[in-house]
Amino acid sequence: LSADSAERGEYRHYMLKEIFEQPRAVADTLEGRLGSERVLDAAFGPGAGAIFDQVRAVHIVACGTSFHAGLVARYWMESLAGVPCQVEVASEFRYRRVVVPPGTLFVTVSQSGETADTLAALRGARDLGYLASLAICNVPESSLVRESALTLMTRAGPEIGVASTKAFTTQLTALLLLVACLARRQGLAGADEAHLVSELRGLPGRIEAVLGLNPRIQTLADEFADKHHALFLGRGAHYPVAMEGALKLKEISYIHAEAYPAGELKHGPLALVDADMPVIAVAPNNQLLEKLKSNLQEVRARGGQLYVFADQDSGIVTEPGTQTLPVAPTDETIAPIVFTIPLQLLAYHVAVLKGTDVDQPRNLAKSVTVE
Numbered sequence: 049l050s051a052d053s054a055e056r057g058e059y060r061h062y063m064l065k066e067i068f069e070q071p072r073a074v075a076d077t078l079e080g081r082l083g084s085e086r087v088l089d090a091a092f093g094p095g096a097g098a099i100f101d102q103v104r105a106v107h108i109v110a111c112g113t114s115f116h117a118g119l120v121a122r123y124w125m126e127s128l129a130g131v132p133c134q135v136e137v138a139s140e141f142r143y144r145r146v147v148v149p150p151g152t153l154f155v156t157v158s159q160s161g162e163t164a165d166t167l168a169a170l171r172g173a174r175d176l177g178y179l180a181s182l183a184i185c186n187v188p189e190s191s192l193v194r195e196s197a198l199t200l201m202t203r204a205g206p207e208i209g210v211a212s213t214k215a216f217t218t219q220l221t222a223l224l225l226l227v228a229c230l231a232r233r234q235g236l237a238g239a240d241e242a243h244l245v246s247e248l249r250g251l252p253g254r255i256e257a258v259l260g261l262n263p264r265i266q267t268l269a270d271e272f273a274d275k276h277h278a279l280f281l282g283r284g285a286h287y288p289v290a291m292e293g294a295l296k297l298k299e300i301s302y303i304h305a306e307a308y309p310a311g312e313l314k315h316g317p318l319a320l321v322d323a324d325m326p327v328i329a330v331a332p333n334n335q336l337l338e339k340l341k342s343n344l345q346e347v348r349a350r351g352g353q354l355y356v357f358a359d360q361d362s363g364i365v366t367e368p369g370t371q372t373l374p375v376a377p378t379d380e381t382i383a384p385i386v387f388t389i390p391l392q393l394l395a396y397h398v399a400v401l402k403g404t405d406v407d408q409p410r411n412l413a414k415s416v417t418v419e
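Mapped onto my numbering, the consecutive letters of the sequence shown carry residue numbers 49 to 419.
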């Protein structure tokens, strides 16, 4: 028995092990950071409260999967906290002239804390007039953590698989903690923050429940093994979730996958839809559901095969041309974290069927430390 297989335990790959570690990783990331009815400012380090009092805008800079986490956080930041939020890919941010409004918090997100472009963006941001810097990171001794004024450590534990899974969901969890702290200062009612804290406490259990879809997703993956392209659709905060799903599929199965906001279908992507183009949609039960259903009808009308991860209360059912995998009803705010999990499992099982190196996909490195 090799040391490698011993560390994987019952799992065939590190990636699958790490997907199933997410309830524990999220619980660890929350531990000690929630009061009875509020998120604790102290989680972000000494002096965090005084800085948060001055925040009038937020800029989030990251790469890859961490960028997708930032995009989800933008929806939370503006809808819950009413704080203007920009999210940018670090390799773009660092080479352009940036206008920084007064009171802007500079947030970096990185699993390793050594991502070359993100680190360079942080160093360049020092002279741009930001209020302060905050790093969301998984490695306490990293450069990003050392060089930021405030930090919130994700407690995902070591992530061996190149395709990020538990680092992503813990980043989302950490970003939501930040949003709660800023929202309180912008007038979020105490009862609403207490509700959010309650939902966060229940989040590990909700992730555990959605992992129960694994056998059904494994069966579903058979239909993808011979495909060359896939389209992912989402709306609102679930558009970046769709982006992350597409990234996972392309990273480890080498299937060309793209994500679009569902409302953009008519602006080009619909031309790609035919019986050979699987379309994966994320369908939480929120105010955009009816709009999404209309988009899905557009796909069906053109012979596209739909695979929908849908809230059980959405009314979307399995029928010819549409396969529905039901997700237990989930609070709208934490739904993007929960709906991420089935997309990770889908990418994993498709990659296994295709026989790729799941944990070490070709041409990729775990941490991009050179430009």
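By construction, the Cβ of each residue, glycine as well, lies at the ideal position given by its N, Cα and C atoms.
- Measuring C-alpha to C-alpha distances from residue 95 to each of 150, 179 and 136 identifies 179 as the nearest.
- Cβ-Cβ separation between residue 243 and residue 384: approximately 17 Å, too far for a contact (criterion under 8 Å).
- Under DSSP, the beta-bridge partners assigned to residue 277 are 304.
- Taking the Cβ atoms as the reference, residue 380 lies roughly 27 Å from residue 326, outside the contact range of under 8 Å.
- Taken atom to atom, the span from the alpha-carbon of residue 109 to that of residue 191 is near 15 Å.
- Residue 132 places its beta carbon 8 Å or farther from that of residue 140.
- Residue state for residue 371 is assigned as strand, using DSSP reduced to three classes.
- Per DSSP, reduced to three states, the secondary structure at residue 108 is strand.
- Taking a cut-off of 8 Å on C-beta distances, the region 170-188 touches the region 217-226, as three or more cross pairs fall below it.
- Per DSSP, residue 139 is one residue of the alpha helix (DSSP H) stretching across 138-141.
- Non-local C-beta neighbours of residue 415 in its own chain, meaning closer than 7 Å and more than five positions away in sequence, comprise 160, 162 and 163, ordered along the chain.
- Around residue 347, the same chain offers 321, 327 and 354 as residues with beta carbons nearer than 7 Å, after the five sequence neighbours per side are excluded.
- Proximity of the region 88-104 to the region 229-237 meets the contact definition, three or more beta-carbon pairs being nearer than 8 Å.
- Looking at the backbone, the Cα of residue 215 and that of residue 63 are separated by about 11 Å.
- Considering only 207, 120, 311 and 200, the residue with the shortest C-alpha distance to residue 388 is 120.
- In the three-state reduction of the DSSP assignment, residue 272 falls in the coil class, being assigned neither a helical nor a strand state.
- The C-beta distance from residue 113 to residue 292 rounds to 6 Å, short enough to fall under 8 Å.
- DSSP places residue 345 within a helical segment (H, G or I) once states are collapsed to three.
- In the DSSP annotation of this structure, the continuous segment of the beta strand (DSSP E) that includes residue 353 starts and ends at 353-359.
- According to the DSSP assignment, residue 170 belongs to no beta strand (DSSP E) but to the alpha helix (DSSP H) extending over 164-173.
- Per DSSP, the continuous beta strand (DSSP E) segment holding residue 198 begins and ends at 198-201.
- Counting only runs that start and end inside the region 171-247, the alpha helix (DSSP H) elements of at least 4 residues fall at 191-194 and 214-233.
- Here the region 268-281 makes contact with the region 300-320; the two share three or more CB pairs at distances below 8 Å.
- By alpha-carbon distance to residue 259, the top candidate from 117, 68, 167 and 59 is 68.
- By the neighbour-count criterion, in which a residue is buried when 16 or more other Cβ atoms sit within 10 angstroms of its Cβ, residue 409 is buried.
- When the beta-carbon positions are compared, residue 206 and residue 75 stay at least 8 Å from each other.
- Sequence-distant Cβ neighbours of residue 317 in its own chain, meaning closer than 8 Å and more than five residues away, are 279, 306 and 308.
- Residue range 326-331 is occupied by the beta strand (DSSP E) that includes residue 329, with no alpha helix (DSSP H) assigned at that position.
- Residue nearest to residue 375 within the set 356, 142 and 367 is 356 (criterion: CA-CA distance).
- A direct Cα-Cα distance of roughly 32 Å separates residue 371 from residue 111.
- Taking the C-beta atoms as reference points, residue 138 is found no nearer than 8 Å to residue 105.
- Under the criterion of beta carbons closer than 8 Å, residue 300 and residue 211 qualify as touching, at roughly 5 Å.
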